[in-house]
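Sequences listed follow chains X and U, in order. Converting from the first sequence to my numbering requires adding 46 to each position, the first position being numbered 1. Converting from the second sequence to my numbering requires adding 6 to each position, the first position being numbered 1. Don't be surprised by glycine CBs; every beta carbon is placed ideally from N, CA and C. The structure appears right after this line, and notes come after that.
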Amino acid sequence: MAVAVGKQRQARGLGNERLREALVGYGFIALPMAFFILFFLVPIGYAFYISRYNWQIFKGPYVGWGNYRQLYHDTVFWHHAVRNTLVYTAFVVPLQITLGLALAVVVNQAIRFRTFFRAAFYFPSLAASAAIAAIATYILASDGLFNTVLGHLGYHHNTAWFGEQSTALPSIIGLNAWTTSGTMMLFYLAALQAIPTDVYEAAAIDGAGAWRTFWKVTFPLLKPAHFFVLVVSIIGAMQMFDQAFLIGGASGGPNYSTMTVVLYLYNQSIKNISFGYGAAIGVVLFVFIFTVTVIQRLLFGKPEVA
Amino acid sequence: MSTEQLPDVPPVAALDELAVERAAATGAPAATGIPGRERGERIRTAIAYIVMFSVAALFFIPFLWSVSTSFRTIQDTVGGFSLLPKHWTLSGYHDALHTFNFGRYTLNSLIIALAITISNLFLASLGGYAFARLKFPGREVLFLLVLGTLMIPDQLRLVPIYLMLVNWIPGWVGHLGWHDASFINRNGVILIQLVSAASLFLMRQYFLTIPRDLEEAAKLDGAGYFKTYRKVMLPLAGPALAAVGILQFQGAWNGLFWPAILLQDKNQYTIPIGIANFRFAYQTLWPPLMAASVLAILPILLIFIVFQRYFVAGVAASGVKG
């Protein structure tokens with residue numbers, strides 16, 4: 047009898063303890079959760095709500111799908127913003143992935159100064175995009191370092207690479223392939239180091255050369271990393287804003303050649319104060335990015351992160 | 007709990023390496039030791055060196071060129087090409103800091119970056135501890151919700167957050183006695199970045215690797231949860247705190263998107279916004295512009311050199327910036 051009472055008391059004590067632990071737990075996560083709900087979850091619904099109104103400085107009349115219909119017929123959006131974003135993505139993604147993989151493989155070799163090289167390759171990914179864009183503008187100016195070097199090699203140019211309609215976007219592609227390859231390198235490096243060395247030993251015993259080993263052994267084993275890097279890279283590319291904003295300005299000049307979807311979204315909502323329209327662009331972009339993620343998951347299966 | 011249910015959960019290998027206090031992602035030497043291969047191996051290594059040094063040079067030339075230009079006179083930037091400044095001068099820095107107000111912008115960048123970093127360290131470690139150690143109903147679901155926020159792009163949030171900062175938040179803080187507050191400024195930039203899912207995730211994963219014995223001991227000594235968090239867990243979480251702190255500081259210091267939207271008063275500009283504006287206002291005044299760029303890059307470079315391995319872990323855990 048006494049034992050039973052003791053057990054009961056112990057159980058109640060445990061119950062209290064558990065309740066206390068739960069309450070403390072809720073207390074500890076209260077602020078972060080409130081933050082995530084207010085600034086991440088609420089905005090999803092609110093964005094859709096705003097997109098159904100003609101919303102300038104103040105909330106205007108309800109327009110239903112009006113903003114979306116307007117977007118559907120918006121030639122600047124399709125012919126410039128979407129087109130540029132797709133072109134940019136189509137070129138920058140393979141470039142930065144190839145470059146990142148190549149750097150990772152090289153840096154993964156057992157050589158001296160490995161830490162230094164890794165740091166050197168990674169650093170452009172870390173520096174402020176504004177500073178990089180400023181430096182790039184300087185180097186790619188009509189009388190800049192790039193044209194000077196080209197001149198010494200016999201190719202005389204006085205193109206301001208960011209200033210002309212035909213070269214602005216390709217220059218941004220080159221710039222960003224350079225700055226993001228370091229991050230891609232890091233992702234690949236983590237995956238490369240997860241590959242057990244006996245796989246290479248087996249390949250070496252079979253007499254496979256370095257090139258063959260890479261394509262037959264390393265590359266297929268990196269499949270999960272390929273998936274991860276591809277998703278991250280495509281999503282990043284579709285959200286490109288910094289360099290377009292810094293180099294082409296809010297209007298994506300010259301003549302819309304650097305206008306991207308996100309820059310257009312910024313332009314419409316912050317510069318034009320068409321919040322309803324801006325919100326509609328945001329929703330469309332979100333759906334698009336989400337679809338890409340889902341399609342990639344279906345194609346490549348579940349990502350197995352390192 | 008399984009974190010694999012969500013796509014794009016960042017790789018945590020580097021994080022585990024942090025946990026054992028090893029340099030993250032150390033290179034695994036390629037398999038060698040097979041007779042007759044040394045020569046080929048040596049040639050391959052030589053080629054790798056040459057490639058790496060040239061690529062490293064290519065990666066550094068733009069930075070070195072900007073440093074070189076930041077010490078030039080304006081006349082020295084036009085015409086005749088020279089690797090080093092013909093007349094070394096600090097006037098580029100002087101002009102940037104005083105005439106073009108980058109002294110003020112540096113201070114603003116510092117305030118924003120420090121506020122965001124400190125807040126992330128506190129909120130993410132507190133929440134991370136709760137998610138890693140405390141049991142409460144709904145814990146798994148709430149954690150998935152936190153990770154889910156990683157999938158919501160900033161662009162979708164631009165308009166709603168802007169309108170919330172204009173219409174909702176000032177009213178709410180007004181009820182708390184802070185009247186006529188505005189958030190289309192520095193306060194807004196800080197407010198919407200108080201904590202990030204990546205920070206919280208990083209902290210939680212790290213706390214999961216700490217053995218429970220120490221907490222048990224603290225519990226037996228009668229320490230409460232907050233005391234356990236502060237006296238036992240935080241001191242053990244140094245590497246994760248460093249990774250979160252560095253990642254957040256770097257992100258906030260370099261930040262362009264939210265400052266471009268929210269900073270409208272010139273006196274609150276950060277360095278990146280200052281550079282963006284300068285570019286359009288004074289096109290070819292290269293020395294002060296390069297000086298400003300060096301100012302933007304240098305602190306991050308220094309932090310990077312000192313804390314390289316934390317950067318690696320942090321980035322591996324957070325995905326890539328646009």
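About 13 Å separates the beta carbons of U:F255 and U:A130, which is beyond the 8 Å limit, so they are not a contact pair.
C-alpha of U:A298 to C-alpha of U:S97: approximately 12 Å in a straight line. Counting every other CB atom within 10 Å of its CB across the protein chains shown gives U:R163 a total of 16 or more, marking it as buried. Per DSSP, U:W264 lies in no beta strand (DSSP E) segment; the continuous alpha helix (DSSP H) that holds it begins and ends at 263-268. For U:P278, the nearest beta carbon of chain X is closer than 8 Å to its own beta carbon.
For the segment 166-178 of chain X, the set of positions with a beta-carbon nearer than 9 Å to some beta-carbon of chain U reads A166, F167, Y168, F169, P170, S171, L172, A173, A174, S175, A176, A177, I178 in chain order.
Taking 8 Å as the threshold, the shortest C-beta distance from X:D120 to chain U does not fall below it. X:L215 and X:M284 have their C-alpha atoms roughly 14 Å apart. Exclusion of the five residues before and after X:V109 leaves R98, Y99, N100, G322 as the residues of its chain whose Cβ lies within less than 8 Å of its Cβ. Only residues of its own chain outside the window of five on either side were considered, and among them D288, Q289, L292 have a CB closer than 7 Å to the CB of X:S175, listed in chain order. Excluding the 5 residues flanking it on each side, X:F94 has same chain C-beta neighbours closer than 8 Å at A325, V329, in chain order. Burial is judged here by how many other beta carbons sit within 10 angstroms of a residue's own beta carbon; U:T276 has at least 16 and is buried.
The beta-carbon of U:R50 is placed less than 8 Å from the nearest beta-carbon of chain X. With the rule of 3 Cβ pairs closer than 8 Å, the segment 164-174 of chain X does not count as touching the segment 44-55 of chain U. Annotated three-state conformation of X:W111 is coil, per DSSP.
Residues S188, D189, N193 of the same chain have their beta carbon placed closer than 8 Å to that of X:N204, with the five preceding and five following residues left out of the count. For X:T225, the CB contacts under 7 Å within the same chain, skipping 5 residues up- and downstream, are P170, S171, I178 in chain order. A Cβ of chain U is located within less than 8 Å of the beta carbon of X:Q155. The three-state reading of DSSP puts X:G295 in coil, since its state is none of H, G, I, E or B.
Approximately 13 Å separates the beta-carbon atoms of X:A206 and U:R285; this is outside 8 Å, ruling out the contact. The alpha-carbon of U:L253 is positioned some 28 Å away from that of X:V340. Listed along the chain, the chain U residues whose CB falls inside 9 Å of the CB of X:S315 are L164, V165, Y168, I267. For X:D189, the C-beta contacts it makes with chain U under 7 Å involve V84, in order along the chain.
Relative to U:L220, the option among U:D271, U:V201, U:S205, U:L240 whose CA is nearest is U:L240. Of the residues X:N318, X:F334, X:A68, the one whose Cα lies closest to the Cα of U:P143 is X:A68. Cβ neighbours of X:S315 within its own chain (closer than 7 Å, five residues either side excluded): F321, G324. Just measuring C-alpha positions, the residue of U:G280, U:L269, U:L291, U:A62 sitting nearest U:L171 is U:L269.
Within chain X, no residue has its CB atom less than 7 Å from the CB of U:Y316, the nearest being about 12 Å off. Rounded to whole angstroms, the separation of the alpha carbons of X:F82 and U:A187 is 22 Å. Look at the segment 83-112 of chain X and you find these whole runs of alpha helix (DSSP H), each 4 residues long or longer: 88-97.
Going by C-alpha positions, U:A224 is about 6 Å away from U:T234. X:V139 sits close to X:I280, with the two beta carbons spaced by under 8 Å. Taking C-alpha positions only, X:L196 is separated from U:L90 by approximately 19 Å. By the C-beta density criterion, U:G251 is buried, having at least 16 other C-beta atoms within 10 angstroms. Excluding five sequence positions before and after X:K105, the CB atoms of its chain that fall closer than 6 Å to its own CB belong to Y99, given in chain order. Between U:H93 and U:T79, the CB-CB gap stays under 8 Å.
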